[in-house]
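Counting along the sequence shown from 1, when you hit position 224 you're at 227 in the numbering used here, and nothing is skipped either side.
Have a look at the structure below, then the notes.
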Amino acid sequence: MLTEDKALAQAHIIQLVTQYLLGQGWQLVDPVEFGERIWQLAREKGVQSETAVHNIQTIVWQQYAIILHDACLQPENRSQYQQAWAELSDWLHKQVHQITSHPQEQQDAVQETLIKLQTTLQTIRIPHTMWAYLLQILRRTQIDVHRRDTAKKRGEGKAFSLEQLTNSDESGRDWEETLTTHNSSRHTEGIMANYETRKQLQTFFRRHLPTELQRQVAEAHFLDDLSPKEIASLMGKRSHEIRLLKARIISKLRDLPPPAYQELMTILDEEGSGNHV
4 MLTEDKALAQ AHIIQLVTQY LLGQGWQLVD PVEFGERIWQ LAREKGVQSE TAVHNIQTIV
64 WQQYAIILHD ACLQPENRSQ YQQAWAELSD WLHKQVHQIT SHPQEQQDAV QETLIKLQTT
124 LQTIRIPHTM WAYLLQILRR TQIDVHRRDT AKKRGEGKAF SLEQLTNSDE SGRDWEETLT
184 THNSSRHTEG IMANYETRKQ LQTFFRRHLP TELQRQVAEA HFLDDLSPKE IASLMGKRSH
244 EIRLLKARII SKLRDLPPPA YQELMTILDE EGSGNHV
């Protein structure tokens with residue numbers, strides 16, 4: 004039997020959980036039953052009443068992520084399934100406002116993220132980490148949406164995706180200007196000419212640029228001709244950080260061993276620019 008102090012602590016935590024669920028608009032669980040479950044987990048983790056608010060929120064997010072994840076993968080339970088995806092959509096809409104202020108980009112990013120999640124949610128091995136996974140997908144999708152829209156506004160057709168190289172166009176690009184000079188001005192004749200060249204270049208970046216951030220910046224700069232300011236805005240970085248990173252990337256490409264550098268030049272020749280270093 005619980006002591007009076009523990010009973011009060013339990014009631015306090017259940018109240019916190021109930022208020023939190025209502026605030027988030029989460030309806031997949033009974034608030035009291037969920038609150039009791041969180042109370043048990045909090046006791047196991049040694050959460051004290053005076054520090055309950057922060058710690059309880061963390062446990063709530065983790066446990067509800069598991070429930071939401073499972074409900075999104077059970078279409079046979081129609082009402083729960085629909086409610087789960089509605090809550091997921093609502094959460095994504097809240098998050099995308101922190102990423103971009105453009106209404107159309109917000110809508111496109113959320114819709115494309117939801118489409119991707121239809122096939123990728125089941126790959127999450129640790130469901131309680133789902134929120135971080137969702138945010139990562141949303142951010143990458145927003146980058147794709149912005150890059151694509153920027154390319155269209157410049158009359159360059161569709162830009163390729165960070166996650167899928169699926170688009171092709173007939174325009175060309177002068178890469179040698181970027182690789183062989185220190186001129187920071189964009190010298191563009193369009194984004195890459197064809198699907199195969201884009202795929203080869205992305206593979207090349209994976210082998211020779213050590214970090215995911217470097218690869219993303221290289222793709223955004225070289226393949227989509229985005230400025231450091233544009234890239235910084237998309238990635239939540241400062242412009243000078245992206246400029247420094249871009250300079251290191253270009254320096255690294257210039258200093259490649261002869262076989263690797265020749266491979267890069269061969270890819271560029273196949274692209275049809277006819278440039279030689």
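Backbone N, C-alpha and C define an ideal beta-carbon position, used for all residues, glycine too.
Asked                                                                                                             : Found
Exposed unless 16 or more other CB atoms sit within 10 angstroms - verdict on Thr144                              : buried
Cβ pair His131, Ile41 closer than 7 Å                                                                             : no
Check: Ile70 C-beta below 6 Å from any heavy atom of the ligand SAM                                               : The ligand SAM is absent from the structure shown, which contains no ligand whatsoever.
Nearest residue (CA-CA) to Thr122, options Ile146, Lys97, Arg150 and Cys75                                        : Cys75
Where the alpha helix (DSSP H) through Gly28 begins and ends                                                      : No alpha helix (DSSP H) contains Gly28, which DSSP labels as neither H nor E.
Own chain, CB closer than 6 Å to Gln13, minus 5 neighbours either side, in chain order                            : Trp42
Spatial neighbours of Ala223 in its chain, beta-carbon cut-off 6 Å, leaving aside the 5 residues before and after : Leu229 and Ile234
Under the three-state DSSP convention, the category Leu259 falls into                                             : coil
Proximity below 7 Å, CB of Val148 to CB of Ala89                                                                  : no
Whole-angstrom C-beta distance between Leu212 and Ile270, which should lie under 8 Å                              : 15 Å between Cβ atoms; not a contact.
Arg143 (DSSP reduced to helix, strand or coil)                                                                    : helix
Alpha-carbon spacing of Gln86 relative to Gln77, whole angstroms                                                  : 11 Å
Reference Arg150; option with closest CA among Leu237, Arg46 and Ser82                                            : Leu237
Start-to-end residues for the alpha helix (DSSP H) that takes in Pro213                                           : Neither: Pro213 is in no alpha helix (DSSP H) and is coded neither H nor E.
As assigned by DSSP and simplified to three states, the class of Tyr23                                            : helix
N- and C-terminal bounds of the alpha helix (DSSP H) containing Glu79                                             : Where Glu79 is concerned, there is no enclosing alpha helix (DSSP H), given that its DSSP letter is neither H nor E.
Range covered by the alpha helix (DSSP H) that runs through Ala235                                                : Pro231 to Met238
Beta-carbon proximity list for Arg1, same chain, < 8 Å, skipping 5 on both sides                                  : This structure leaves residue 1 out entirely; the chain is present only between 4 and 280.
Same chain, Cβ closer than 7 Å to Ala263, neighbours up to 5 away in sequence not counted                         : His211
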